[in-house]
Structures are given as C-alpha cells and as structure tokens.
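Chemist:
There are 2 protein chains.
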Amino acid sequence: MPTDEELRDDAAARLRAAGLRVTAPRVGVLVALERESHADADTVARHVRASLGAVSTQAVYDVLHALTEAGLLRRMEPAGSTARYETRVGDNHHHMICRRCGVIADVDCAGAAPCLAPAHTHGFVLDEAEVTFWGLCPDCQTANEEIA
Amino acid sequence: MPTDEELRDDAAARLRAAGLRVTAPRVGVLVALERESHADADTVARHVRASLGAVSTQAVYDVLHALTEAGLLRRMEPAGSTARYETRVGDNHHHMICRRCGVIADVDCAGAAPCLAPAHTHGFVLDEAEVTFWGLCPDCQTANEEIA
DNA sequence: ACGCTTTTCTGGAATGAGTCAAGTAAGCGT
DNA sequence: ACGCTTACTTGACTCATTCCAGAAAAGCGT
Numbered sequence: 000m001p002t003d004e005e006l007r008d009d010a011a012a013r014l015r016a017a018g019l020r021v022t023a024p025r026v027g028v029l030v031a032l033e034r035e036s037h038a039d040a041d042t043v044a045r046h047v048r049a050s051l052g053a054v055s056t057q058a059v060y061d062v063l064h065a066l067t068e069a070g071l072l073r074r075m076e077p078a079g080s081t082a083r084y085e086t087r088v089g090d091n092h093h094h095m096i097c098r099r100c101g102v103i104a105d106v107d108c109a110g111a112a113p114c115l116a117p118a119h120t121h122g123f124v125l126d127e128a129e130v131t132f133w134g135l136c137p138d139c140q141t142a143n144e145e146i147a
Numbered sequence: 000m001p002t003d004e005e006l007r008d009d010a011a012a013r014l015r016a017a018g019l020r021v022t023a024p025r026v027g028v029l030v031a032l033e034r035e036s037h038a039d040a041d042t043v044a045r046h047v048r049a050s051l052g053a054v055s056t057q058a059v060y061d062v063l064h065a066l067t068e069a070g071l072l073r074r075m076e077p078a079g080s081t082a083r084y085e086t087r088v089g090d091n092h093h094h095m096i097c098r099r100c101g102v103i104a105d106v107d108c109a110g111a112a113p114c115l116a117p118a119h120t121h122g123f124v125l126d127e128a129e130v131t132f133w134g135l136c137p138d139c140q141t142a143n144e145e146i147a
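Those sequence lines, one after another, are chains A and B.
If you count by numbering that gives the first Met the number 0, then the first sequence holds residues 0 to 147, one letter each, in order.
If you count by numbering that gives the first Met the number 0, then the second sequence holds residues 0 to 147, one letter each, in order.
(1) Taking its Cβ as the centre, do 16 or more other Cβ atoms sit within 10 Å of arginine 25 of chain B, making it buried, or is it exposed?
(2) Going by the DSSP bridge assignment, what does alanine 128 of chain A pair with across the sheet?
(3) Name the residues in the region 120-146 of chain B whose C-beta lies less than 8 Å from a C-beta of chain A; which are they?
(4) Around the Cβ of glycine 52 of chain B, are there at least 16 other Cβ atoms within 10 angstroms (buried) or fewer (exposed)?
(5) Judging by CA-CA distance, which residue of B:Arg48, B:Gly89, B:Phe132 and B:Asp8 is the nearest neighbour of alanine 69 of chain B?
(6) Give me the DSSP bridge partner(s) of glutamate 85 of chain B.
(7) Quick check on glycine 89 of chain A - is its C-beta less than 8 Å from some C-beta in chain B?
(8) Between A:Ala82, A:His46 and A:Arg98, which has its C-alpha nearest glycine 27 of chain A's C-alpha?
(9) Residues of chain B with a CB under 8 Å from the CB of glycine 79 of chain A: which are they?
(10) Nearest CA to the CA of arginine 99 of chain A: which residue from A:Leu125, A:Pro137 and A:Asp8?
(11) Assuming the contact rule is C-beta atoms closer than 8 Å, histidine 37 of chain B and arginine 83 of chain B should be a hit. Round their C-beta distance to whole Å, please.
(12) Check this for me: beta carbons of valine 130 of chain B and histidine 119 of chain A, under 8 Å apart or not?
(13) Which same chain residues, not among the five before or five after alanine 10 of chain B, have their C-beta less than 8 Å away from its C-beta?
(14) In chain order, what residues of the same chain have a beta carbon less than 7 Å from the beta carbon of threonine 2 of chain A, not counting five sequence neighbours either side?
(15) Flag methionine 95 of chain B as yes if its beta-carbon sits less than 8 Å from any beta-carbon of chain A, otherwise no.
(16) Who are the Cβ neighbours of asparagine 91 of chain A in its own chain at under 7 Å, not counting the five residues just before and after it?
(17) Taking DSSP as the reference, what is the three-state secondary structure of valine 102 of chain B?
(18) Specify, as a first and last residue, the run of the alpha helix (DSSP H) that histidine 46 of chain B falls within.
(19) In the DSSP assignment, the beta strand (DSSP E) including histidine 37 of chain B goes from what residue to what residue?
(20) For histidine 94 of chain A, count the other beta carbons within 10 Å of its own beta carbon; 16 or more makes it buried, fewer makes it exposed. Which is it?
(21) Can alanine 49 of chain B and leucine 63 of chain B be called in contact, C-beta distance under 8 Å?
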C-alpha cells in the first residue's frame, strides 16, 4: 500500500504529463480514486474533503470532467447507478458488477478479438467494445444462501 | 409492416400469456416499442399519447417497469442516455450505438462462449454479459467526412 | 518575485429522469 | 352484472448533475 505522499507525487506527475495544472483538488481526486476505484462523484467529494478540507461540489465535477477529458480518468455509467470514475485508463478492460451490493471489479479483456468483431456491423465503424458482466459477488452469494 | 390492429392483438396476447391484465396503456406501450425500438420513456409516452390520447407519465413508467419485470420488455441504459426499452427479449443480443447521433442497432451475440467467460471471475457467479459497441453509424461517417 | 491565465469558490437556480402517496378508475373472474 | 383487485391519475417531491456569474485564489512561465 503506497503512502498518501507517494500517491500525491504520482498524481502530480500524471497531471503535469498531461499538460494540466497541478492543483490540490485535482491531486485529491486522483488520490481518492486510487484509494477507492469506481467511486461516484459524491464519494470522491467526501474523500477529497476528508483529506483537504472544504472543496466545492462544482470543483469536484469540474475536476472529474477535466481529468476525464484529458484521459487521466475513465468514466463509466453502469445501469442503475450514477457515473463512476477510475484511474485505470489506456487498457480497455471490462467490469463485473454485483447485482445485489453493486460492488464493481475490474476484468481483463478475455479474448481481444471476439468481443470486438460482431457478426453484422450494419455498416458501423466501431472504436470500442464495452463489456459489463452482471452477477453476484462472493459475499452476496453466501448472504443469499443464508436467506434461502 | 403489420397493421396497428395486428400489433395490438399480438401485444394483448403476450400480456395475457404473461398473466397480466390487458389495459390500453400496456398495449400502447408494446405497440409503440414495436414501431420504434430502443425508445426512452418520454418517446414511448409520446407515441402512446398519439394513439390513445391522455396517458399519465406515471402510467408509462409503471407499465415499463411492470412489463420489464414480467419479461416482456428489456431495459437498457447506455452511458450518457436515459433508460431505453425494447420488445426483443429472451435472446441476449447486444447493441451498437452511434457516438454522434445515438442511434442504436441490435447485434447478435457473435461467439456465445468467449464473452461470457472472463479470465478471472474473482469468485463472482455471472448471469449476464452485456456488450455495447460504440462507433459511428453509416450516416454519421459520411457526415463527418463532409466536415473534414 | 510578478503578473497573466486558469482554476476554484460561493451560492443560487434550473433541469430532467424518475419516485412516492393516496385517491379514482378499470379489468376480469364469478 | 358485481365486486375484488390491480392499474391509472394527480401532484408533490427527490436526486444527480449542470449552468451561471462574479470574485478570489493559485499555478507557472518569464
């Protein structure tokens, strides 16, 4: 587990590399998402406030948008949930979501090709295949058995 | 192209088969979605009102939920859009969405197995693999070329 | 260190999808 | 046709998110 300082330094470096100014809220958002991936805007705001003190809601939204735009964050919007963000970008990985508790786990793309080439493209030019697996996480499986 | 009456009769039959009461709003919603698949709640409401007269927004939402629950409709929520519905159920087909105009096309699942079995399941028990392809539809490709 | 530029703050308001609650209407089995 | 049960109506309401505008603060190249 890296220290907060290591995470902050790394976040600052990524911001600079992307040509963005290094500001406390931006670093805070990146650190928050390293600590808790797939968090929504509200959760990110709470994390950032916990470590930085007062940060406006607008600032959080601004930062999330700016960093997503710059390619430092990836935004995902699972059905039935608000927008969520993660720092793992650049590899088109997929997600596994628990139907019961909503926890999200990353999944590496199994076989690259099959998912990217549907039988009929209807003339579409595709640039991304987004895969979401739905099911029950280990905890919720046992919880369900106890009820039954 | 089937007539409205054929669509209504068919919709009523499906409702009865599912053990649901046959009401005008329900039939209207099913017909609307036969005519325009992947419509959102608001679009469905407009279609239904055009053919039935006044129908409350709440009724439309209730019907969409009830029919989804009963398995007569499938609900999808693409990123950046509101919930959309379709009458094609029972075959876990996928979707292709145009980033520019938002049009949605159905896609048969290419190779059944590969998409359903990620490398690492992290202990999850999966029941569905949802695949969304993003790209440009034929119309928007030409539109983009004209701009460039 | 200075000053220009970008970012953030305050805070208020609007939007739009969707939900809750309680009363009214309608389907359908008998 | 009756009446029970389910569905629909009405209207207020929540919630995430966006927009707005001006003022204050902070980053960073020189």
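Beta carbons are placed, not taken as given, at the ideal position from N, Cα and C, and that holds for glycine.
Modeler: Inspection of the coordinates gives the following:
(1) As a position in the second sequence, residue 25 of chain B is number 26, starting the count at 1. By the 10 Å Cβ count, arginine 25 of chain B comes out buried.
(2) Position 129 of the first sequence, counted from the first residue, corresponds to residue 128 of chain A. DSSP lists B:Phe132 as partners of alanine 128 of chain A.
(3) Answer in chain order: Thr120, His121, Gly122, Phe123, Val124, Leu125, Asp126, Glu127, Ala128, Glu129, Val130, Thr131, Phe132, Trp133, Gly134, Leu135, Cys136, Pro137 and Gln140.
(4) For the purposes of this step, residue 52 of chain B is identified with residue 53 of the second sequence, where counting begins at 1. Under this definition glycine 52 of chain B is an exposed residue.
(5) To locate residue 69 of chain B, count along the second sequence from 1; it is residue 70. Alanine 69 of chain B has its Cα closest to that of B:Gly89, out of B:Arg48, B:Gly89, B:Phe132 and B:Asp8.
(6) Counted from its first residue, the second sequence places residue 85 of chain B at position 86. Answer is B:Arg73.
(7) As a position in the first sequence, residue 89 of chain A is number 90, starting the count at 1. So no, glycine 89 of chain A is outside the interface.
(8) On the first sequence, residue 27 of chain A is found 28 positions in, with the first residue counted as 1. Out of A:Ala82, A:His46 and A:Arg98, A:His46 has the C-alpha closest to the C-alpha of glycine 27 of chain A.
(9) Translated into the one-based positions of the first sequence, residue 79 of chain A becomes position 80. Those within 8 Å of glycine 79 of chain A in chain B are Glu76.
(10) Locating residue 99 of chain A in the first sequence gives position 100, where the first residue counts as 1. Closest by alpha carbon: A:Pro137.
(11) On the second sequence, position 38 is the one that residue 37 of chain B refers to. On the second sequence, position 84 is the one that residue 83 of chain B refers to. The Cβ separation is near 5 Å, so the contact holds.
(12) Locating residue 130 of chain B in the second sequence gives position 131, where the first residue counts as 1. Locating residue 119 of chain A in the first sequence gives position 120, where the first residue counts as 1. Cβ distance not < 8 Å, so valine 130 of chain B and histidine 119 of chain A don't count as in contact.
(13) Within the second sequence, residue 10 of chain B is the residue found at index 11, counting from 1. Closer than 8 Å at Cβ, skipping near neighbours: Arg25, Val26, Leu29, Val30 and Glu33.
(14) To locate residue 2 of chain A, count along the first sequence from 1; it is residue 3. Nothing listed; no residue qualifies.
(15) Here residue 95 of chain B corresponds to residue number 96 of the second sequence, with the count starting at 1. Yes, methionine 95 of chain B counts as interfacial toward chain A.
(16) Within the first sequence, numbered from 1, the residue matching residue 91 of chain A stands at position 92. Answer for asparagine 91 of chain A: Cys108 and Glu127, listed in chain order.
(17) Numbered from 1 along the second sequence, position 103 holds the residue referred to as residue 102 of chain B. Correct three-state label for valine 102 of chain B: coil.
(18) Looking up residue 46 of chain B in the second sequence gives position 47. Here the alpha helix (DSSP H) through histidine 46 of chain B covers 40-51.
(19) Here residue 37 of chain B refers to the residue found at position 38 of the second sequence. Premise fails: histidine 37 of chain B is in no beta strand (DSSP E) and is neither H nor E.
(20) Residue numbering aside, residue 94 of chain A sits at position 95 when the first sequence is read from its first letter. Flag for histidine 94 of chain A reads buried.
(21) Walking along the second sequence from the start, residue 49 of chain B turns up at place 50. Walking along the second sequence from the start, residue 63 of chain B turns up at place 64. Contact: no.
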